[in-house]
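Asks:
Protein chains: 2
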Amino acid sequence: MGVTIKDIAKKAGVSYSTVSKALRDSPLVQKPTKNKIMAIAEELGYQPNIAARSLVSKKSWVVGVVWPSVERMTLSALITKVNKELEEKQYTTVLSINEIDSAIQTFQRFQVDAILVFRDQANSPFELEALDTNIPILFYGTQSDQVSPVVDVNRKKAIELAVEHLSKLGHKKMAYIGNLGEKDTLQQEKVQTFQHMLVRKGIESGGIPLLNGLEASEGYRAGRQIIQAASPPTAILSGSYDLTRGLFQALHEAGLSVPQDISIASYDHVPQMLEFDPPVTSVGVPIEKVAEEIAAILLRMIDQTDVQQTYLLDPELAVRTSTRHRINQ
Amino acid sequence: MGVTIKDIAKKAGVSYSTVSKALRDSPLVQKPTKNKIMAIAEELGYQPNIAARSLVSKKSWVVGVVWPSVERMTLSALITKVNKELEEKQYTTVLSINEIDSAIQTFQRFQVDAILVFRDQANSPFELEALDTNIPILFYGTQSDQVSPVVDVNRKKAIELAVEHLSKLGHKKMAYIGNLGEKDTLQQEKVQTFQHMLVRKGIESGGIPLLNGLEASEGYRAGRQIIQAASPPTAILSGSYDLTRGLFQALHEAGLSVPQDISIASYDHVPQMLEFDPPVTSVGVPIEKVAEEIAAILLRMIDQTDVQQTYLLDPELAVRTSTRHRINQ
DNA sequence: TTGAAAGCGCTAACAG
DNA sequence: CTGTTAGCGCTTTCAA
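Note that the protein sequences, when read in sequence, are chains H and R. Residue 528 is where the first sequence starts when you use the working numbering, and the numbers rise one by one after that. Residue 528 is where the second sequence starts when you use the working numbering, and the numbers rise one by one after that.
1. Please report the straight-line C-alpha distance between Val846 (chain R) and Thr620 (chain H), rounded to a whole angstrom.
2. For Glu843 (chain R), write down the residues that DSSP places opposite it in a beta bridge.
3. Could you name the residues of chain R that Asn610 (chain H) contacts, counting a contact when the two beta carbons are closer than 9 angstroms?
4. Using Cβ-Cβ distances below 7 angstroms, what residues of the region 742 to 766 of chain R are close to chain H?
5. Roughly how many angstroms lie between the CA atoms of Ile821 (chain R) and Ala702 (chain H), to the nearest whole one?
6. For a test of the three-state rule: what should DSSP assign to Leu825 (chain H), helix, strand or coil?
7. Pull out every residue of the region 554 to 567 of chain H whose Cβ sits closer than 8 angstroms to any Cβ of chain R, in chain order.
8. For Gly591 (chain R), which beta-bridge partners are listed by DSSP?
9. Report, in whole angstroms, the separation of the C-beta atoms of Ser794 (chain H) and Ala689 (chain H), which I expect to be a contact under 8 angstroms.
10. Are the region 684 to 699 of chain R and the region 757 to 766 of chain R touching, with three or more C-beta to C-beta distances below 8 angstroms?
11. Measure the Cβ-Cβ separation of Ile824 (chain R) and Leu665 (chain R) and say whether it is below 8 angstroms.
12. With 8 angstroms as the threshold, decide whether the Cβ of Gln632 (chain H) is near any Cβ in chain R.
13. Only counting the same chain, and skipping five residues up and downstream in sequence, which positions put a Cβ closer than 7 angstroms to that of His852 (chain H)?
14. Would you mind sorting Leu801 (chain R) into buried or exposed? The rule is 16 or more other CB atoms within 10 Å of its CB.
15. Going by DSSP, what residue range makes up the beta strand (DSSP E) through Leu764 (chain R)?
16. For Leu622 (chain H), tell me which candidate among R:Leu737, R:Pro842, R:His723, R:Asn610 has the shortest Cα-Cα distance.
17. Can you tell me where the beta strand (DSSP E) holding Ile473 (chain H) begins and where it ends?
18. According to DSSP, is Leu725 (chain H) part of a helix, a strand, or is it coil?
19. Consult DSSP for Ala702 (chain R) and reduce its assignment to one of helix, strand or coil.
20. Less than 8 angstroms between the C-beta atoms of Val797 (chain R) and Ile814 (chain R), yes or no?
21. Determine the extent of the alpha helix (DSSP H) in which Asp769 (chain R) is found, giving its start and end residues.
22. Please identify the residue among H:Lys558, H:Ala566, H:Ser553 whose C-alpha is closest to the C-alpha of Lys538 (chain H).
23. Compute the beta-carbon to beta-carbon distance between Thr660 (chain H) and Arg646 (chain H), rounded to the nearest angstrom, for a pair I have assumed lies under 8 angstroms.
24. Please report the distance separating the alpha-carbon of Ile789 (chain R) from that of Leu783 (chain R).
25. In the DSSP output, which residue or residues are listed as bridge partners for Asp679 (chain H)?
26. Run down chain R in chain order and give the residues with a C-beta less than 7 angstroms from the C-beta of Ser793 (chain H).
27. Could you work out which residues of chain H lie near Ala579 (chain R), taking near to mean beta carbons separated by less than 8 angstroms?
28. Excluding sequence positions up to five away, which residues of its chain have a Cβ less than 7 angstroms from the Cβ of Leu883 (chain R)?
29. Determine the closest residue to Ile686 (chain R) out of R:Ala641, R:Val810, R:Gln557, with distance taken between C-alpha atoms.
30. Could you tell me which residues DSSP puts in a beta bridge with Ser732 (chain R)?
31. Distance, Cα to Cα, Ala740 (chain R) vs Gly746 (chain R)?
32. According to DSSP, Leu665 (chain R) sits in a beta bridge with which residue or residues?
33. Would you call Gly591 (chain R) buried or exposed, if buried means 16 or more other Cβ atoms sit within 10 Å of its Cβ?
34. Going by Cα to Cα distance, which pick from H:Leu844, H:Glu612, H:Lys608, H:Ser553 is closest to Arg682 (chain H)?
35. For Thr808 (chain H), which residues of its own chain have a beta-carbon under 6 angstroms away from its beta-carbon, when the five flanking residues on both sides are left out?
36. CB-CB under 8 angstroms to Asp841 (chain R), same chain, minus the five flanking residues each way: which ones, in chain order?
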C-alpha cells in the first residue's frame, strides 16, 4: 500500500539502509545524499510504518494516555498541552477511554513507551501489581500506591496561599465552595486545609456548603446559599474554575459586585480566570507548568533515568482584581 | 520482554506456526492441541504483539477515532458505546485529540483499519482529498464533502416530531432554546425546522433566543428570558440535553412546575432524560442505536463491503411526563 | 493435522 | 560514508 523506504531507495539510487539512516537524520550520511533522500521522501508522501519500526527497535514512540471517565475542562486542556509537548520530542499521544486496567493492556500490546494515567475518584480502583508490565506508568491526580510515580498539585499549599492572601486583605469571614464530603479525597484535602486555616488565622466561617458535584450549577447553588445568609462573608474561595463560573452567576443575579461587595478567589490556575469580569485572583499550578512537568517526567521514565516517587507541584498565587481590602462597615 | 509464540511453542512442544494457528482458532489445529496451547498462553500471560501482527497481516485491528475539540456529554457517552461495540468484534479503539488532518496522519502510520471522525463546528476545515489515504473514513455529525460516508441524525424530522407532539397536546405558543445563529449549521437546521413548523401548524412563537453556546448556563439564561415575557409560551422545546438542564434550573427557580405550568420537550435521546423531575419527553436517535449503526458501518467499510454515502438515522419520540395537554386559562 | 520457511518494513550491527 | 545482512514477532503458503 504505502510508500516504503525501498521505493525511496530505488528512486534515489541508494541502498534502503542508507535511506533509513538519512530519514533518522543520522550523521553517517552525507549532506547532499541526505537532502536528496529527504526530498524524494517528501515527494512520494512517505509515512514511516510504525509497526515495522517498533517491531525492530522495541520502541513505538507512542505514549498512551488513560483518559478519565469524568472529564472536566481543565483536564481537557491539560491533555492537549501534554500532547503538544510530547509531539515536539517526536512522540505521538494516543488515548484510551477504557477502564484503567484494560486500557493498560491495550497499550501493552501496542508496546507504547510510557503510559500516563489521569486518575479521578470515578474510575475504578485496580491493582497495578496484578498487571505486571514493565512499561513505565505515571499517575496524575492522586497519591497512589507507591508503586508508580505520581505527579500531583500541592493542594494544601494552594489553599493556604489563597486564605493567607484574603486574610492579609483584612477579611474576617470567608466561605468555601467545593465540599464534596468524604467520598472525594482530593476535594476533601482542600476543604480540610481551608478549615485549618480558618482556625489558625482566627477567621470566621461563612459556610462550606456540601455539593453534589463540581459542575457550574453546583457553584451557583452554593453561591446563592452563602450570600443569602443573615450575615454573609466578605470573601469566598471557590474550589475550581467551573464552580467559580456558577458562583459568578449567582452573584450577578443577586446584584452583588466583585470586589466591591465581596472578594472572590479561586483554585485552578487556568487562563480562563482572566475572562471573568473582573479577572479572578487564582491559585494553583499553571496548566502549562503541569503539562511541561508531566511531559518531562514521562521522557525521563522512557529513558530509564530514575525519577522520584512523588512530584508535588508548587502552586502559585496570581492576584487579580476580584479580591481587595475588606471595606469596614 | 514479553512472552512470544515461540515461548509457548517451546513449552507446548509444537512448532510456533502451530501456536499461531491455534491462537487464531484455526480449524487446522486439533482440539486437544489447541486447548493445550491456549492453556499455556493463558498461563504465561501471553499478549499478542500488535506491531508484528499488523506488519505481516496488513491489518491492525485498530479503529482510530478523531475526538472533537469541543466535548459534550452526549458525545462522550456515544464514543464509549461505539468502543464497546467494536470491542466485541475484536477491534481496539484509540483516540486522538489532534486536529483532524494530523490525527489522520497518525492513524495512517498506525495502519488503523478505519477512522471515525466526530466532527463539530469547532474543528478546523480540511481537505480530505489532500490526505489521499486508502483507509476508510466515516464522519459523524455533519453533511460533509461527499467523498467519505457520513452518519447523521435526521434533525429535521426530530424537530418535526417534537413540535407535532406538542401541537397535538393543544399548545398554541411555543419557544425554542438552541439558536446559535448562522455560524452553526447543525443547530441552524433545527431552528429553521422549528420556525417552519410554527407556520405550518399555526403556532405562535414564544421566543427563540440567540445563545452564545450550548452549555447548561445558556439554557438557564434563555429559559429565564422566555418565562419572564409578558405572555409566556405554554411549551418549550430545548435543543439539547445540556440546555435542558439549565432550563430546568430556571424554571425551578421561578417556581414553575412541569408540566402543570409549562410543558417541556427536549432534543437528544439520552437515558439521562429520565433523571429529570419529571422525566423529560425527548426526541432524537437513541444513543445505543447511533453507536450500533456507526460500529456496523465501520465494520462494513473495513470489509470493503460497499456502503452508502449518507446514513440519516431516524429519530424517535419518547413521551414522558414533562409534556401534557395545555390547560385552558 | 503439523512443521518449515518466506517475508511484512524497518533498524542496527558489520563490512566494505 | 554507503551497502549488506540479520532479524524483530507474527501470519501464511507450501510441504511433509
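Note that beta-carbon positions come from the ideal geometry of N, C-alpha and C, so glycine has one too.
Replies: Straight from the coordinates:
1. 43 angstroms
2. R:Gly811
3. Result: Ser623, Ile624, Asn625.
4. Interface annotation for the region 742 to 766 of chain R against chain H: Ala743, Ser744, criterion Cβ-Cβ distance under 7 angstroms.
5. Cα-Cα distance, rounded: 48 angstroms.
6. helix
7. none
8. DSSP, once it has assigned bridges, lists R:Val621, R:Ile642 as partnering Gly591 (chain R).
9. Residue identity differs from the one stated: residue 794 (chain H) is Tyr in this sequence, not Ser. Indeed they touch by this definition, with Cβ atoms about 7 angstroms apart.
10. In this structure the region 684 to 699 of chain R touches the region 757 to 766 of chain R; the number of beta carbon pairs closer than 8 angstroms is three or more.
11. Cβ atoms of Ile824 (chain R) and Leu665 (chain R): closer than 8 angstroms.
12. For Gln632 (chain H), the answer is yes, since a Cβ of chain R falls inside 8 angstroms of its Cβ.
13. Leu696, Gly697
14. exposed
15. 762 to 765
16. R:Asn610
17. Absent from the model: residue 473 (chain H). The displayed extent of chain H is 528 to 856, so no value can be given.
18. helix
19. Strand at Ala702 (chain R).
20. yes
21. 768 to 780
22. H:Ala566
23. Not a contact, Cβ separation roughly 17 angstroms.
24. 7 angstroms
25. H:Leu839
26. Those do not exist, as Ser793 (chain H) stays about 17 angstroms from chain R at its closest Cβ, beyond 7 angstroms.
27. Ala578, Leu582
28. Any question about residue 883 (chain R) goes unanswered here, given that chain R covers just 528 to 856.
29. R:Val810
30. R:Met701
31. In the sequence on display, residue 740 (chain R) carries Gly and not Ala. One C-alpha to the other measures close to 9 angstroms.
32. R:Leu643
33. Label assigned to Gly591 (chain R): buried.
34. Out of H:Leu844, H:Glu612, H:Lys608, H:Ser553, H:Leu844 has the C-alpha closest to the C-alpha of Arg682 (chain H).
35. Ala792, Val846, Arg847, Ser849, Thr850
36. Here the set comprises Asn681, Lys684, Val812.
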